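Notes for the one structure printed next.
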Amino acid sequence: QVQLKESGGELVQPGGSLRLSCAVSGRTFSINRIYWFRQAPGKEREFVASITWSAPITYYADSVKGRFTISRDTTENTVYLRMNSLKPEDTAIYYCAADSAGSSGRAWGQGTQITVSS
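Going by my numbering, 41 is the number at position 36 of the sequence shown; the sequence numbering is gapless.
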(Lines of atoms letter the chains of each structure in order from A and count residues from 1; the text may use other names and numbers.)
(Lines give C-alpha, C1' and ligand atoms only; values in the text may rest on other atoms or scores of the structure.)
Protein backbone atom coordinates (compact mmCIF):
# COMPACT_ATOMS: atom_id res chain seq x y z
CA GLN A 1 0.00 0.00 0.00
CA VAL A 2 0.92 3.64 -0.46
CA GLN A 3 0.48 6.28 2.23
CA LEU A 4 0.26 10.00 1.50
CA LYS A 5 0.52 13.01 3.79
CA GLU A 6 -0.04 16.58 2.65
CA SER A 7 1.41 19.71 4.24
CA GLY A 8 1.82 23.39 3.50
CA GLY A 9 -1.74 24.65 3.57
CA GLU A 10 -2.38 28.05 5.16
CA LEU A 11 -4.10 31.39 4.81
CA VAL A 12 -2.70 33.45 1.93
CA GLN A 13 -3.68 36.76 0.33
CA PRO A 14 -5.01 36.96 -3.24
CA GLY A 15 -2.13 37.10 -5.69
CA GLY A 16 0.13 35.26 -3.30
CA SER A 17 2.03 32.01 -3.70
CA LEU A 18 2.20 28.77 -1.79
CA ARG A 19 3.83 25.37 -2.14
CA LEU A 20 2.14 22.20 -1.00
CA SER A 21 4.03 19.00 -0.28
CA CYS A 22 2.84 15.41 -0.42
CA ALA A 23 5.07 12.94 1.38
CA VAL A 24 4.74 9.47 -0.10
CA SER A 25 5.60 6.26 1.74
CA GLY A 26 5.01 2.53 1.46
CA ARG A 27 5.12 0.72 -1.90
CA THR A 28 6.43 3.74 -3.81
CA PHE A 29 7.91 1.49 -6.51
CA SER A 30 4.37 0.55 -7.54
CA ILE A 31 3.14 4.12 -8.08
CA ASN A 32 1.99 5.04 -11.57
CA ARG A 33 0.62 8.54 -11.09
CA ILE A 34 0.21 11.11 -8.32
CA TYR A 35 -2.65 13.58 -8.33
CA TRP A 36 -3.69 16.76 -6.59
CA PHE A 37 -7.43 17.22 -6.14
CA ARG A 38 -9.31 19.92 -4.23
CA GLN A 39 -12.71 20.31 -2.69
CA ALA A 40 -14.24 23.69 -1.95
CA PRO A 41 -17.10 24.09 0.55
CA GLY A 42 -20.35 22.87 -0.94
CA LYS A 43 -18.69 21.60 -4.11
CA GLU A 44 -17.56 18.25 -5.44
CA ARG A 45 -13.93 17.22 -5.36
CA GLU A 46 -12.18 18.26 -8.56
CA PHE A 47 -8.97 17.38 -10.36
CA VAL A 48 -6.17 19.95 -10.14
CA ALA A 49 -3.00 18.35 -11.53
CA SER A 50 -1.20 15.05 -11.97
CA ILE A 51 2.27 13.71 -12.67
CA THR A 52 3.62 10.30 -13.55
CA TRP A 53 6.01 8.86 -11.00
CA SER A 54 8.54 7.45 -13.45
CA ALA A 55 8.74 10.46 -15.75
CA PRO A 56 7.59 14.05 -15.29
CA ILE A 57 4.54 13.92 -17.56
CA THR A 58 2.07 16.42 -16.19
CA TYR A 59 -1.58 17.38 -16.68
CA TYR A 60 -3.49 20.36 -15.32
CA ALA A 61 -7.05 21.50 -14.95
CA ASP A 62 -7.79 24.49 -17.16
CA SER A 63 -8.58 26.57 -14.08
CA VAL A 64 -5.00 26.30 -12.79
CA LYS A 65 -2.99 25.98 -16.00
CA GLY A 66 -0.22 28.57 -16.10
CA ARG A 67 -0.52 29.29 -12.36
CA PHE A 68 0.15 25.92 -10.71
CA THR A 69 3.11 23.59 -11.24
CA ILE A 70 3.27 19.98 -10.11
CA SER A 71 6.64 18.33 -9.63
CA ARG A 72 8.10 15.30 -7.90
CA ASP A 73 11.34 14.32 -6.20
CA THR A 74 11.61 10.55 -6.34
CA THR A 75 14.71 10.53 -4.13
CA GLU A 76 12.76 12.30 -1.39
CA ASN A 77 9.47 10.54 -2.24
CA THR A 78 7.70 13.88 -2.31
CA VAL A 79 5.34 15.55 -4.75
CA TYR A 80 4.94 19.31 -4.78
CA LEU A 81 2.29 21.70 -5.99
CA ARG A 82 3.58 25.20 -6.52
CA MET A 83 0.71 27.68 -6.68
CA ASN A 84 1.13 31.24 -7.92
CA SER A 85 -1.32 34.08 -8.47
CA LEU A 86 -3.75 32.55 -6.01
CA LYS A 87 -7.38 33.57 -6.20
CA PRO A 88 -10.19 33.36 -3.65
CA GLU A 89 -11.75 30.61 -5.76
CA ASP A 90 -8.67 28.48 -5.09
CA THR A 91 -9.84 28.19 -1.49
CA ALA A 92 -10.36 24.49 -0.77
CA ILE A 93 -9.03 21.43 0.95
CA TYR A 94 -6.26 20.04 -1.25
CA TYR A 95 -5.77 16.29 -1.40
CA CYS A 96 -2.90 14.21 -2.70
CA ALA A 97 -3.78 10.85 -4.29
CA ALA A 98 -1.94 7.98 -5.94
CA ASP A 99 -2.71 5.23 -8.42
CA SER A 100 -0.50 2.19 -7.99
CA ALA A 101 0.01 -1.07 -9.83
CA GLY A 102 -1.63 -3.98 -8.08
CA SER A 103 -3.84 -1.75 -5.95
CA SER A 104 -7.61 -2.08 -5.97
CA GLY A 105 -8.22 1.62 -5.49
CA ARG A 106 -6.72 5.09 -5.34
CA ALA A 107 -4.86 6.02 -2.17
CA TRP A 108 -5.68 9.39 -0.58
CA GLY A 109 -4.08 11.71 1.92
CA GLN A 110 -5.99 13.48 4.67
CA GLY A 111 -5.93 16.87 2.95
CA THR A 112 -4.58 20.31 3.76
CA GLN A 113 -6.62 23.54 3.91
CA ILE A 114 -5.81 26.53 1.74
CA THR A 115 -7.69 29.76 2.25
CA VAL A 116 -7.15 32.65 -0.14
CA SER A 117 -8.50 35.81 1.44
CA SER A 118 -7.51 39.36 2.24
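Just so you know, even glycine gets a beta-carbon here, dropped at the ideal spot from N, CA and C. The structure presented is a predicted model; accordingly, all values stated were derived computationally and were not measured.
- Contact between Thr33 and Asn82 holds: their C-beta atoms lie close to 5 Å from each other, under 8 Å.
- A distance below 7 Å between beta-carbons, with the five flanking residues on each side excluded, links Gly14 to the following residues of its chain, in chain order: Leu25, Tyr99, Thr117, Gln118 and Ile119.
- When C-alpha distances from Thr57 are compared across Lys10, Lys92, Arg38 and Ala45, the shortest belongs to Arg38.
- Only buried fits Ser105, as 16 or more other CB atoms lie within 10 angstroms of its CB.
- Following the DSSP letters along the chain, one finds Val53 inside the beta strand (DSSP E) bounded by residues Glu51 to Thr57.
- Listed in chain order, the non-local C-beta contacts of Ala66 below 8 Å within the same chain comprise Glu51, Phe52, Val53 and Ala54, local neighbours out to five positions each way being set aside.
- For a cut-off of 8 Å, the C-beta gap from Ser76 to Tyr85 is around 5 Å, short enough to register as a contact.
- Listed in chain order, the non-local C-beta contacts of Val121 below 7 Å within the same chain comprise Val17, Pro19, Leu91, Lys92, Pro93, Asp95 and Thr96, local neighbours out to five positions each way being set aside.
- When C-alpha distances from Arg43 are compared across Ser123, Ala28, Val69 and Gly31, the shortest belongs to Val69.
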